[in-house]
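Going by my numbering, the first residue of the sequence shown is number 287, and it counts up by one from there. For every residue, glycine included, the Cβ atom is placed at its ideal position computed from N, Cα and C. In this text, all values refer to a predicted model and were calculated from it rather than measured experimentally.
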Amino acid sequence: MPMDAERPFADVVTAGECCLTVVLGSAISEDTNARVHTMRASLAEQHIPGVLELVPGYCTLAIYIDPLKADVQGLCTLLLREGRMTRSSMLVPQRTVVFPVLYGDTTGPDLGRVAASSGLSVDDVIARHAGRKYTCAMLGFLPGFPYLLGLDSQLETPRLDAPRVSVPAGSVGIAGCQTGIYPLNSPGGWNIIGRTPLHLFDAETTIPTLVRPGDRVEFRSIGREEYDRRSTVLSAVCPQKADSSSLGVTTPAMRVEAAGLLTTVQDLGRPGYQDIGMPLSGAMDPQALAIGNVLVGNDPDAAALEMTITGPVLRFETDALVAVTGADLHMTVNDRDAPAWTCCSVCAGDSVSFRGADPSGGCRAYLCVAGGIRVPRVMGSRSTLLRSRTGGLEGRALKAGDAVPIALLEEASLSLLGFSCPKNLREEKTGCDALPILPGPQRHVLDSNATSTLTAATWVVAAASDRMGYRLEGPALSLAESADIISAPVPLGAVQVTGSGQPIVLMADHQTTGGYAVPFVVARAWLASLAQRQPGDTVTFTLGSVASAVEGLRRQGTALKQLAELRREWLARLNTRQGDG
Numbered sequence: 287m288p289m290d291a292e293r294p295f296a297d298v299v300t301a302g303e304c305c306l307t308v309v310l311g312s313a314i315s316e317d318t319n320a321r322v323h324t325m326r327a328s329l330a331e332q333h334i335p336g337v338l339e340l341v342p343g344y345c346t347l348a349i350y351i352d353p354l355k356a357d358v359q360g361l362c363t364l365l366l367r368e369g370r371m372t373r374s375s376m377l378v379p380q381r382t383v384v385f386p387v388l389y390g391d392t393t394g395p396d397l398g399r400v401a402a403s404s405g406l407s408v409d410d411v412i413a414r415h416a417g418r419k420y421t422c423a424m425l426g427f428l429p430g431f432p433y434l435l436g437l438d439s440q441l442e443t444p445r446l447d448a449p450r451v452s453v454p455a456g457s458v459g460i461a462g463c464q465t466g467i468y469p470l471n472s473p474g475g476w477n478i479i480g481r482t483p484l485h486l487f488d489a490e491t492t493i494p495t496l497v498r499p500g501d502r503v504e505f506r507s508i509g510r511e512e513y514d515r516r517s518t519v520l521s522a523v524c525p526q527k528a529d530s531s532s533l534g535v536t537t538p539a540m541r542v543e544a545a546g547l548l549t550t551v552q553d554l555g556r557p558g559y560q561d562i563g564m565p566l567s568g569a570m571d572p573q574a575l576a577i578g579n580v581l582v583g584n585d586p587d588a589a590a591l592e593m594t595i596t597g598p599v600l601r602f603e604t605d606a607l608v609a610v611t612g613a614d615l616h617m618t619v620n621d622r623d624a625p626a627w628t629c630c631s632v633c634a635g636d637s638v639s640f641r642g643a644d645p646s647g648g649c650r651a652y653l654c655v656a657g658g659i660r661v662p663r664v665m666g667s668r669s670t671l672l673r674s675r676t677g678g679l680e681g682r683a684l685k686a687g688d689a690v691p692i693a694l695l696e697e698a699s700l701s702l703l704g705f706s707c708p709k710n711l712r713e714e715k716t717g718c719d720a721l722p723i724l725p726g727p728q729r730h731v732l733d734s735n736a737t738s739t740l741t742a743a744t745w746v747v748a749a750a751s752d753r754m755g756y757r758l759e760g761p762a763l764s765l766a767e768s769a770d771i772i773s774a775p776v777p778l779g780a781v782q783v784t785g786s787g788q789p790i791v792l793m794a795d796h797q798t799t800g801g802y803a804v805p806f807v808v809a810r811a812w813l814a815s816l817a818q819r820q821p822g823d824t825v826t827f828t829l830g831s832v833a834s835a836v837e838g839l840r841r842q843g844t845a846l847k848q849l850a851e852l853r854r855e856w857l858a859r860l861n862t863r864q865g866d867g
């Protein structure tokens with residue numbers, strides 16, 4: 287489409303069926319970033335149907351949509367027009383935040399690499415990094431991670447070819463022409479040159495992030511003694527959350543006698559906060575959780591237990607109505623088998639346990655309880671985000687001795703005892719069918735043979751896979767250009783390709799922004815099929831279409847509606863029989 291040369295540049299690209307990205311530039315600058323924030327503010331005021339979230343990057347604005355409700359074609363036209371009309375409205379710095387940093391030492395393992403890349407001495411790198419004033423362009427990756435403009439050009443250093451599995455909280459890094467600070471322990475591919483003792487994120491405060499877009503940021507070099515002293519003081523001021531025994535939890539509750547491999551509280555996630563770096567989180571298999579909730583009479587979004595491979599041992603301290611969906615972990619009540627996908631009664635004092643998943647039957651199951659799990663909502667959700675210790679029960683996986691609060695059983699709920707989800711409304715998650723992938727914003731990064739390699743290969747789920755991302759092992763995908771891109775918002779299901787050529791599929795707890803290319807996105811309705819695989823399992827991909835991806839989402843929504851209708855019919859028949867009696 288021809289463009290008026292006097293208008294600012296703008297383009298709209300797709301990232302799967304649930305994300306549109308407006309591209310306002312190809313280089314990091316304060317002017318382009320200001321346009322991004324100006325456009326975001328304008329779109330937010332319009333309350334566009336089907337638009338769920340607006341997440342800014344350096345030069346891009348991600349528009350997350352419900353494709354079943356949005357007029358996608360009309361929205362693309364609007365976005366292109368808005369993008370070309372938007373001029374810079376520079377962010378006015380409101381505050382200056384100064385970070386003390388221990389450079390090098392054991393806290394900055396890549397300081398020497400940056401020095402070698404820049405041709406400077408280590409002392410010169412420190413002096414130049416700490417001698418600048420930076421502007422926070424956006425928050426992303428993880429909660430409270432500030433992306434900072436203003437790095438000395440001589441310090442620019444490419445990301446690591448393969449990201450580290452764990453980077454400590456407070457780490458100060460450089461990636462290309464940007465610098466930033468890791469607020470949490472997390473994977474990451476930036477060059478780590480030091481660490482600050484300051485905490486950057488607290489979900490329980492009114493303003494959860496220490497730095498906000500538009501803030502000025504400065505760094506001050508400190509020695510080991512000051513770093514250790516300030517770390518000790520901050521740990522005393524901001525202690526870890528108390529254990530569950532201090533929360534005053536009383537019955538009704540489920541008492542955890544054994545935790546299982548990984549058991550957490552999850553609902554359908556925490557949308558609305560990706561612009562400050564807060565991941566969606568929520569169930570890895572959201573359809574299974576929603577079906578379980580509909581079975582026991584809850585809203586689809588009610589909190590439940592997500593159980594992985596081996597479930598917990600629970601002692602119920604009150605009567606309850608429960609249903610287990612997802613992978614069949616073989617639930618037992620007092621050592622007697624209980625059916626999956628069916629409402630079952632549990633009495634006070636009963637023990638519920640799980641014999642474990644079949645190797646080929648999936649690995650994640652959901653224990654839904656009538657009335658839901660009653661942990662507090664944090665930022666609108668009860669979901670657990672382990673990396674930031676947010677939500678759920680103290681922000682962590684369950685452990686022996688925990689008391690998990692549940693709603694008091696209402697007598698009417700017992701009318702659903704025996705109600706089951708028909709097989710035709712369940713989804714097969716562990717078959718051998720290839721998962722459909724859709725074009726992402728950086729498909730051009732792969733060379734002409736890489737796409738056929740991706741779809742022809744059988745990929746193995748790596749041991750390092752988790753709720754944040756599934757790392758896949760297989761042939762290296764050949765690149766036509768660097769996989770290192772300007773950091774931008776990344777959607778759920780994004781297939782990231784690092785410099786090593788190995789793909790990583792972003793899952794429920796994925797970072798909100800990333801700096802590795804995203805050539806493809808897994809169709810949303812099929813992503814749970816990957817989530818049900820465990821390390822050592824295999825997966826294949828096939829090229830899909832947006833139309834079929836949207837139809838997959840529509841099919842899931844229809845299944846929930848049909849199940850809710852079957853529930854109404856079940857209750858109506860029961861009432862009729864009782865009336866006849």
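- Judged by beta-carbon spacing, A794 lies beyond the 9 Å limit of Q573, meaning their Cβ atoms are not closer than that value.
- DSSP places V619 in the uninterrupted beta strand (DSSP E) bounded by M617 to V619.
- Within the same chain, and ignoring the five residues on either side of I508 in sequence, the residues whose Cβ sits closer than 7 Å to its Cβ are P386, V387 and L388.
- Apart from sequence neighbours up to five positions away, the residues of its chain that approach D447 with a beta-carbon distance below 6 Å are G785 and S786, ordered along the chain.
- Rounded to the nearest angstrom, the gap between the Cα atoms of V731 and L829 is 17 Å.
- If you check the CB distance, A609 and G343 do not come in under 9 Å.
- Around the beta carbon of R293, a 10 Å sphere encloses fewer than 16 other beta carbons of the protein chains shown; the residue is thus reported as exposed.
- Looking at the DSSP output, N477 shares a beta bridge with I460.
- The beta carbon of S374 lies closer than 6 Å to those of D317, A320 and R321 in the same chain, with the five residues before and after it left out.
- The alpha carbon of T421 has as its nearest neighbour, out of D587, R810, L703 and P432, the alpha carbon of P432.
- Under the Cβ criterion (8 Å, minimum of three pairs), the segment 759–773 counts as touching the segment 450–470.
- Judged by pairs of C-beta atoms under 8 Å, the segment 688–700 touches the segment 604–618, as three or more such pairs exist.
- Around the beta-carbon of A634, fewer than 16 other beta-carbon atoms lie within 10 Å, marking it exposed.
- Taking C-beta atoms as the reference points, A811 and Q842 count as a pair closer than 9 Å.
- Residue pairing by DSSP puts W745 in a beta bridge opposite V825.
- Using a Cβ distance threshold of 9 Å, A401 and S407 count as a contacting pair.
- Contact between P473 and P454 fails: their C-beta atoms lie close to 12 Å from each other, not under 8 Å.
- In the structure shown, I692 adopts extended strand secondary structure according to DSSP, grouped into three states.
- Counting only residues of its own chain and dropping the five nearest sequence neighbours on each side, V664 has a CB closer than 6 Å to the CB of A489, T676 and G677.
- Per DSSP, the unbroken beta strand (DSSP E) holding A609 starts and ends at A606 to G612.
- Each residue's CA atom was taken as its position, placing L763 and Q782 some 11 Å apart.
- In the structure shown, M665 falls within a coil segment according to DSSP collapsed to helix, strand and coil.
- In this structure, the CA atom of Q359 is about 42 Å from the CA atom of L679.
- By the CB criterion at 9 Å, A683 and T550 fall inside the cutoff.
- Judged by DSSP in its simplified three-state form, K419 adopts strand.
- Under the criterion of beta carbons closer than 8 Å, L575 and Y652 qualify as touching, at roughly 5 Å.
- Inter-residue distance for M325 and G369 is about 7 Å (C-alpha atoms, whole angstroms).
- Straight through space, the alpha carbons of V836 and E303 are spaced by roughly 7 Å.
- Look at L441 here: in three-state DSSP terms it is helix.
- According to the DSSP assignment, T346 belongs to the beta strand (DSSP E) that extends over T346 to I351.
- Shown here for H796: same chain residues with a beta carbon closer than 8 Å to its own, the five before and five after excluded, namely P565, L566, M754, G755, V776, L778 and A780 in chain order.
- Assigned with DSSP and collapsed to three states, V804 falls in strand.
- Between A626 and T611 a beta carbon distance of about 7 Å is seen, short of the 8 Å cut, so the two are scored as contacting.
- The Cβ-Cβ distance between G658 and N579 falls below 9 Å.
- T495 is a Cβ neighbour of G563, given a cutoff of 9 Å.
- Of all alpha-carbon atoms in D561, P586, L425 and V383, the one lying nearest the alpha-carbon of Q552 is that of P586.
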